[in-house]
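S.K.: A single structure is presented below for examination.
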Amino acid sequence: MTPSASEVLAPAAPSVPQLLDRCRDLVRPALTEAVDRLHPWLGEMAAYSFGWCEVGGGPAEASGGKGVRQALAVLGAEAAGAPRRSGIAAAVAVELVHTFSLLHDDIMDGDQTRRRRATVWKTYGTGPAVLAGDALFALAVETLALTPGGPAGMRLLSAALSDVVSGQADDLLFAIRPWTGPERVRPGEYRSMAERKTGALLGCALSLGPALGGAPPATTAALERVGRHAGTAFQIVDDVLGIWGDPDMTGKPVHGDLRERKKSYPVLAALDAPVPAARRLAALLESVEVPDEALARRAAALVAEAGGRTAALAEARRHLAAVERGLDELELAGPPLGGLRALLGFLVRREA
Numbered sequence: 001m002t003p004s005a006s007e008v009l010a011p012a013a014p015s016v017p018q019l020l021d022r023c024r025d026l027v028r029p030a031l032t033e034a035v036d037r038l039h040p041w042l043g044e045m046a047a048y049s050f051g052w053c054e055v056g057g058g059p060a061e062a063s064g065g066k067g068v069r070q071a072l073a074v075l076g077a078e079a080a081g082a083p084r085r086s087g088i089a090a091a092v093a094v095e096l097v098h099t100f101s102l103l104h105d106d107i108m109d110g111d112q113t114r115r116r117r118a119t120v121w122k123t124y125g126t127g128p129a130v131l132a133g134d135a136l137f138a139l140a141v142e143t144l145a146l147t148p149g150g151p152a153g154m155r156l157l158s159a160a161l162s163d164v165v166s167g168q169a170d171d172l173l174f175a176i177r178p179w180t181g182p183e184r185v186r187p188g189e190y191r192s193m194a195e196r197k198t199g200a201l202l203g204c205a206l207s208l209g210p211a212l213g214g215a216p217p218a219t220t221a222a223l224e225r226v227g228r229h230a231g232t233a234f235q236i237v238d239d240v241l242g243i244w245g246d247p248d249m250t251g252k253p254v255h256g257d258l259r260e261r262k263k264s265y266p267v268l269a270a271l272d273a274p275v276p277a278a279r280r281l282a283a284l285l286e287s288v289e290v291p292d293e294a295l296a297r298r299a300a301a302l303v304a305e306a307g308g309r310t311a312a313l314a315e316a317r318r319h320l321a322a323v324e325r326g327l328d329e330l331e332l333a334g335p336p337l338g339g340l341r342a343l344l345g346f347l348v349r350r351e352a
């Protein structure tokens, strides 16, 4: 079939990498201006965590993160028809809070590398990393306070942060609970934790720009729900990748989450299944404190045999379907909505 003239002349929809690049370029000047207001030492640690510099302030050879949350903030604002300044301010605040949470998470989890280089606490020390995280949080609040619509934005951000902290608390407590028995962690508890720890900030990212721009409360609430579903799916897919992901894509060793004995969703779903493989998996996990590669590989096979991987991907697809329904119900239109759909789909599908 010969394409019509409009089809020939219509520009191709931007790819997800192009969307991320556009949003990073849009937000970077305001984010840099905010970080420049910090104490120089704290600003260096912040710039290091963003991938902008090396220790001492020299140019960075490593790349920073993808900027997913700031892209969600920009696209959410654009899709809701909010002013550009609202989307940029929201993106800066969310990116600052996200980075603050990573600095503290790395300390709590003892993670020594992030994005293929040493974490801030490993490079600068635990105390300085905590202080840098605190500074980023304070800077996020200041950013919203200086933005029109700031009070509404601060209410959204504070509610999201309360959920993030509660989710992180549950995640830490999960580590000391048994693998089996009445006190074991159930898949439903994990979903609730993931919605708060990961979904709350994605929901805030999507809804913050519209809130700052004066969008109707129903619109901001609907976008917040969409983000929570996306964040839950993102966390579950991340769990799948933490066991079976390609190290070249994830930056993590294969079976890494099993060697670290993380109570991730595929493992919990497998343990909850009434099949012999689940009982063999439980016996293995309870018998070994730190599994070597061979035992981790055996555990991964048992998780898959018990249906843990299948259950995790099915749960992620369920939340992705909720994302699509939520966007449909918003009745928004235009290229920003298409970009939002593409980005949210990419977050969930990735390399799972």
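Number 305 in the working numbering belongs to position 305 of the sequence shown; there are no gaps in the numbering.
Just so it is clear, CB atoms sit at the ideal spot from N, CA and C, and this is done for glycine as well.
So for T147, helix, strand or coil by DSSP?
M.R.: The answer is coil: DSSP assigns T147 none of H, G, I, E or B.
S.K.: What are the partner residues of R114, as DSSP defines its beta bridges?
M.R.: Beta-bridge pairing links R114 to R117.
S.K.: Compare the Cα-Cα distances from A278 to each of D105, L320 and V303 and report the closest residue.
M.R.: The residue with the shortest Cα to Cα distance from A278 is V303.
S.K.: Do I107 and L353 count as a contact pair if the criterion is CB distance below 8 Å?
M.R.: Coverage of the chain is limited to positions 1 through 352, which leaves residue 353 absent and any answer about it impossible.
S.K.: Have a look at the DSSP bridge pairing and note the partners of R53.
M.R.: With the sequence shown as reference, residue 53 is identified as Cys, and Arg is not the correct amino acid for it. In the DSSP output, where bridge partners are listed per residue, C53 has P59.
S.K.: Assuming contact is defined by CB atoms lying nearer than 8 Å, are L96 and A34 in contact in what I supplied?
M.R.: Their beta carbons are under 8 Å apart, which means L96 touches A34 by this criterion.
S.K.: With a threshold of 16 other CB atoms inside 10 Å of the CB of W52, please say whether the residue is buried or exposed.
M.R.: Its Cβ being crowded by 16 or more others within 10 Å, W52 is buried.
S.K.: Give the C-beta separation of M154 and V141 to the nearest angstrom, bearing in mind that I take them to be a contact with Cβ-Cβ under 8 Å.
M.R.: Their Cβ separation, rounded to whole angstroms, is 7 Å, which keeps M154 and V141 in contact under 8 Å.
S.K.: What's the C-alpha gap between A12 and R69?
M.R.: Confidence is the limiting factor: at A12 the pLDDT is only 49, short of 50, which leaves the residue's position unreliable, though a coordinate-based value still follows. Those two C-alpha atoms are separated by around 24 Å.
S.K.: Report back the beta-carbon spacing between V323 and A230 to the nearest angstrom; my notes put them in contact at under 8 Å.
M.R.: Their Cβ separation, rounded to whole angstroms, is 5 Å, which keeps V323 and A230 in contact under 8 Å.
S.K.: What separation, rounded to the nearest whole angstrom, lies between the Cα atoms of L327 and C23?
M.R.: Those two C-alpha atoms are separated by around 20 Å.
S.K.: Closer than 6 Å by C-beta to F174: which residues in its own chain qualify, once you throw out the five before and the five after it? Chain order, please.
M.R.: V185 and K263.
S.K.: Measure the Cβ-Cβ separation of A321 and P266 and say whether it is below 8 Å.
M.R.: Not in contact: A321 and P266 (Cβ atoms no closer than 8 Å).
S.K.: Tell whether a beta-carbon distance below 8 Å holds between L281 and A269.
M.R.: For L281 and A269, no; Cβs fall outside 8 Å.
S.K.: Spatial neighbours of D170 within its chain, please: C-beta separation below 8 Å, excluding the five flanking residues on both sides.
M.R.: Excluding sequence neighbours, D170 sits near E189, S192, M193, R196 and K197.
S.K.: Just to confirm the assignment, what range does the alpha helix (DSSP H) spanning P274 have?
M.R.: Run containing P274: none; DSSP gives neither H nor E here.
S.K.: Could I get the ranges of all uninterrupted alpha helix (DSSP H) runs contained in the stretch 258-335, with 4 residues as the minimum, in chain order?
M.R.: Qualifying alpha helix (DSSP H) stretches, in chain order: 265-271, 276-287, 293-305 and 308-330.
S.K.: Quick one: grab the DSSP three-state call for R85.
M.R.: In the structure shown, R85 sits in a helix (DSSP, three-state: H, G or I).
S.K.: Could you give the first and the last residue of the continuous alpha helix (DSSP H) run that contains I243?
M.R.: From DSSP, the alpha helix (DSSP H) with I243 extends over P217 to W244.
S.K.: Kindly indicate which residue of S287, P17, G345 and G339 has the alpha-carbon position closest to the one of T180.
M.R.: Here the closest residue by C-alpha is S287.
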